[in-house]
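Position 93, counted from 1, in the sequence shown is what my numbering calls 1481; the numbers after and before it change by one each time, with no gaps.
From the three backbone atoms N, C-alpha and C, an ideal C-beta is built for every residue, glycine too.
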Amino acid sequence: MRWIEEESFERLAEDLEGRGFSTSWIKEKVKSFKVETPSWGYRDSGTRFAVFHQPGAARDVHECLEDAAFVHRLTGACPSVALHIPWDRVEDFGALREEAEAKGVRIGAINPNLFQDPDYKFGSLANPKPEVRKKALEHIFECIDIMEQVGSEVLSLWFADGTDYPGQGDFRRRKAWMEEGLREVYDRLPGKSRMLIEYKFFEPAFYHTDIPDWGTAYALATKLGPKAQVLVDTGHHPQGTNIEFLVA
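Spelled out as structure tokens, the structure:
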């Protein structure tokens, strides 16, 4: 089997070189490509209808780090692990950072949970109630503090905010509240850190989503400044979207 793979690679390399591509350059690019795995990817997986329990699935963040370290040892390409708060909350994040590094990985992006608390039923930063918007901001600020404790430079934000029927919310006010909240988050970012704004076409809201597409996320990021960027999610577009084109 191995000789078949080697022969296939040799044919591919010959074809690429013949078309003017440097295979040594391509190999170096592939070797330098890194993937950050999410802690929740090592836990029991679920669908919209049920969680399917699997023997050996990680039960806490410590086991997630153990699994992530194993994946990195196998691939050499997955050196960091994203955390989700409060799912991965611990008493001592400094100790968690040391634990990750001792296992051969580091902690990557910090993801606030802005959708499971009952108070977020009608949104988080775009919620019509100021006390809920404040609660969401305080949680994001907590995550920024965690970033500093674990040595992370990335805050990853996804909002389930939206409405389910016409007239449920004021689009313009919700947009203004979202912008105001993101501005406060941006101004709190430390040093060289950055914030990623993720979008989703629909769900859980079915009439409108406050950040529904890459264009909205890009407009928000541009307005905020260079430390705000768009997180391109390959599963959050309308079906058939040409992702390569929008990235280009």
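Approximately 25 Å separates the beta-carbon atoms of residue 1462 and residue 1498; this is outside 8 Å, ruling out the contact. Taking the Cα positions, residue 1395 is about 15 Å away from residue 1405. Look at the beta carbons and you see the stretch 1432-1439 not touching the stretch 1407-1419: under three pairs across the two are nearer than 8 Å.
When secondary structure is reduced to three states using DSSP, residue 1600 falls in the coil class, being assigned neither helix nor strand. For residue 1450, the uninterrupted alpha helix (DSSP H) run begins and ends at 1449-1463, by DSSP. Taking the C-beta atoms as reference points, residue 1528 is found nearer than 8 Å to residue 1500. Residue 1624 places its beta carbon 8 Å or farther from that of residue 1595.
With fewer than 16 neighbouring CB atoms inside 10 Å of its own CB, residue 1553 falls in the exposed class. The beta carbons of residue 1547 and residue 1476 sit no closer together than 8 Å. Nearest to residue 1496 by alpha-carbon distance, out of 1631, 1515, 1584 and 1567, is 1584. Every beta strand (DSSP E) stretch that sits fully inside the stretch 1489-1523 and reaches 3 residues is listed by chain position as 1494-1500. Assignment of residue 1537 by DSSP, reduced to helix, strand and coil, places it in the helix class.
Going by beta carbons, residue 1513 and residue 1557 fall outside the 8 Å limit.
For residue 1469, the uninterrupted beta strand (DSSP E) run begins and ends at 1468-1473, by DSSP. Burial is judged here by how many other beta carbons sit within 10 angstroms of a residue's own beta carbon; residue 1492 has fewer than 16 and is exposed. With a beta-carbon spacing of about 5 Å, residue 1482 and residue 1537 fall inside the 8 Å limit used to define contacts.
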